[in-house]
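Residue numbers for the sequence shown, in our numbering: 198 to 413.
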Amino acid sequence: MNLNSFSVKARSPVAAILLLAASTVPAVASPGAHGPNGEHLDANQTGQLQAGAAPRLEAASELFELVARLEGGELSLLIDRFATNEPVLKADVEVESGSRKAKAKFHADLGDYAVDDPAMLQLLSTPGEHPVLITVLAGEDSDLLDGVLRVSTSQLEGGAGGPGTAGGDERGHRHAASWWRRALVGVVVIAAALAWRWRRRSNEGAVARKLDGGRA
198 MNLNSFSVKA RSPVAAILLL AASTVPAVAS PGAHGPNGEH LDANQTGQLQ AGAAPRLEAA
258 SELFELVARL EGGELSLLID RFATNEPVLK ADVEVESGSR KAKAKFHADL GDYAVDDPAM
318 LQLLSTPGEH PVLITVLAGE DSDLLDGVLR VSTSQLEGGA GGPGTAGGDE RGHRHAASWW
378 RRALVGVVVI AAALAWRWRR RSNEGAVARK LDGGRA
């Protein structure tokens, strides 16, 4: 759909709908966000690192890139394809740290993966640096990604990893963002239908005026 044809100057109601949707949908960061020239941006550039934020890990390989957060009583992972930033969905994901291994469950509503294994969470919730190895199997593609999850006492005291705390609030924000994305898709579909009707009526009106002019 060519949005340029629905300009405000043309008094299209579709333009108002799209502008309203764009102004109200919150921005949602993904792992390995891309800059204007397609370059991968680090956490500081995208503003993803904040004081008092939940413990997080970033990792990348030739195929995949991911961001993991310890929050809301789980280790949550967002995985993208490195070359295209396309979300990796419904993959087999396993997380290993120390002597612990655990499968990550896929959340279709959010498009993320979560490890809720109690033993793994207990290990990762200990203050210090935790080397983590993530195995990703997506269709015919598979790769290993490794990184370090750094956990401070202040983050644990702030409730970053516990249920019903700041981490839970962050997960709530992601639910809200997912709802907004679905809402935006609905708005675009409605806008397309309205645009078709609007242009059809405009064309019919133009034809009618030409016919009336010819009769005159």
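Beta carbons: idealized from backbone N, C-alpha and C, even for Gly.
Just so it is clear, the structure is predicted and the values come from calculations on it, not from any experiment.
Is Q352 near A251, with beta carbons less than 9 Å apart?
-> Numbered from its first residue, the sequence shown carries residue 352 at position 155. Numbered from its first residue, the sequence shown carries residue 251 at position 54. With respect to A251, Q352 sits close: the two C-beta atoms are nearer than 9 Å.
Given D340, which residues of its chain have a CB within under 6 Å of its CB, disregarding the five upstream and five downstream residues?
-> As a working mapping, residue 340 is identified with position 143 in the sequence shown. Counting only Cβ-Cβ distances below 6 Å, and skipping sequence neighbours, we find S258, L260, F261, V333.
V329 vs S273 beta-carbon contact at 9 Å = Taking the first residue of the sequence shown as 1, we reach residue 329 at position 132. Taking the first residue of the sequence shown as 1, we reach residue 273 at position 76. Going by C-beta atoms, V329 is not nearer than 9 Å to S273.
Under a three-way DSSP split, which group does P223 fall into?
-> As a position in the sequence shown, residue 223 is number 26, starting the count at 1. Bear in mind that a pLDDT of 49 at P223, under 50, signals an unreliable position, so the number given afterwards is only what the model happens to contain. Correct three-state label for P223: coil.
Have a look at A390, A301, A288, S296 and flag the residue whose alpha-carbon is nearest the alpha-carbon of A265.
-> Translated into positions along the sequence shown, residue 265 becomes position 68. Nearest option by C-alpha distance: A301.
Classify S399 as buried or exposed, calling it buried when 16 or more other Cβ atoms lie within 10 Å of its own Cβ.
-> To locate residue 399, count along the sequence shown from 1; it is residue 202. Around the beta carbon of S399, fewer than 16 other beta carbons lie within 10 angstroms, which makes this residue exposed.
Should L321 and I331 be called a contact, given that it needs their Cβ atoms to be closer than 9 Å?
-> As a first step, residue 321 must be located in the sequence shown, where it is residue number 124. As a first step, residue 331 must be located in the sequence shown, where it is residue number 134. Inclusion of L321 and I331 in the CB contact set at 9 Å is not warranted, their separation being larger than that value.
Starting from A316, trace the alpha helix (DSSP H) both ways and give me its first and last residue.
-> As a first step, residue 316 must be located in the sequence shown, where it is residue number 119. Its alpha helix (DSSP H) spans residues 315-321.
Helix, strand or coil: which one does DSSP assign to L307?
-> Counting from one through the sequence shown, the residue named residue 307 turns up at place 110. The answer is coil: DSSP assigns L307 none of H, G, I, E or B.
Given P360, which residues of its chain have a CB within under 8 Å of its CB, disregarding the five upstream and five downstream residues?
-> In the sequence shown, counting from the first residue as 1, residue 360 sits at position 163. Any answer about P360 is weak, because its pLDDT of 43 lies below 50 and its placement is not dependable; what the coordinates show is given next. Result list for P360: G269, G270, in chain order.
On a CA-only basis, which of S296, L275, W395 is nearest H327? Give me that one, please.
-> Within the sequence shown, residue 327 is the residue found at index 130, counting from 1. Of the candidates S296, L275, W395, the one whose C-alpha sits nearest the C-alpha of H327 is S296.
Starting from F261, trace the beta strand (DSSP E) both ways and give me its first and last residue.
-> As a working note, residue 261 is residue 64 in the sequence shown. That run of the beta strand (DSSP E) goes 261-268.
C-beta atoms of A305 and L286 nearer than 9 Å | Residue 305 sits at position 108 when you count from the first residue of the sequence shown. Residue 286 sits at position 89 when you count from the first residue of the sequence shown. Cβ atoms of A305 and L286: closer than 9 Å.
Excluding sequence positions up to five away, which residues of its chain have a Cβ less than 7 Å from the Cβ of D338?
-> If you number the sequence shown from 1, residue 338 lands on position 141. If we look at D338 and ignore the five residues flanking it on each side, its Cβ neighbours are L260.
When you compare only the Cα positions, how much space is there between T347 and A316?
-> Here the question's residue 347 lines up with position 150 in the sequence shown. Here the question's residue 316 lines up with position 119 in the sequence shown. As written in the sequence, residue 347 is Arg, which differs from the Thr given in the question. When rounded, the distance between both Cα atoms is 18 Å.
Rounded to whole angstroms, what's the CA-CA distance from A388 to R397? Just pull it up for me.
-> For this step, residue 388 is matched to residue 191 along the sequence shown. For this step, residue 397 is matched to residue 200 along the sequence shown. Roughly 14 Å separates the two Cα atoms.
Nearest CA to the CA of F279: which residue from G344, A256, D309?
-> Translated into positions along the sequence shown, residue 279 becomes position 82. Measuring from the Cα of F279, the nearest candidate turns out to be A256.
Three-state secondary structure (DSSP) of S339 | Taking the sequence shown and counting its residues from 1, one reaches residue 339 at position 142. S339 falls in the strand class under three-state DSSP.
Hey, out of E291, L307, L263, whose CA is closest to N282's CA?
-> By 1-based counting over the sequence shown, the position of residue 282 is 85. For the set E291, L307, L263, the Cα lying nearest the Cα of N282 is the one of L263.
Looking at the structure shown, is S296 part of a helix, part of a strand, or coil, going by DSSP?
-> Taking the first residue of the sequence shown as position 1, residue 296 is located at position 99. The answer is coil: DSSP assigns S296 none of H, G, I, E or B.
By Cβ distance, which residues of its chain are closer than 6 Å to D314, with the 5 residues on each side in sequence left out?
-> Residue 314 sits at position 117 when you count from the first residue of the sequence shown. Answer for D314: A299, listed in chain order.
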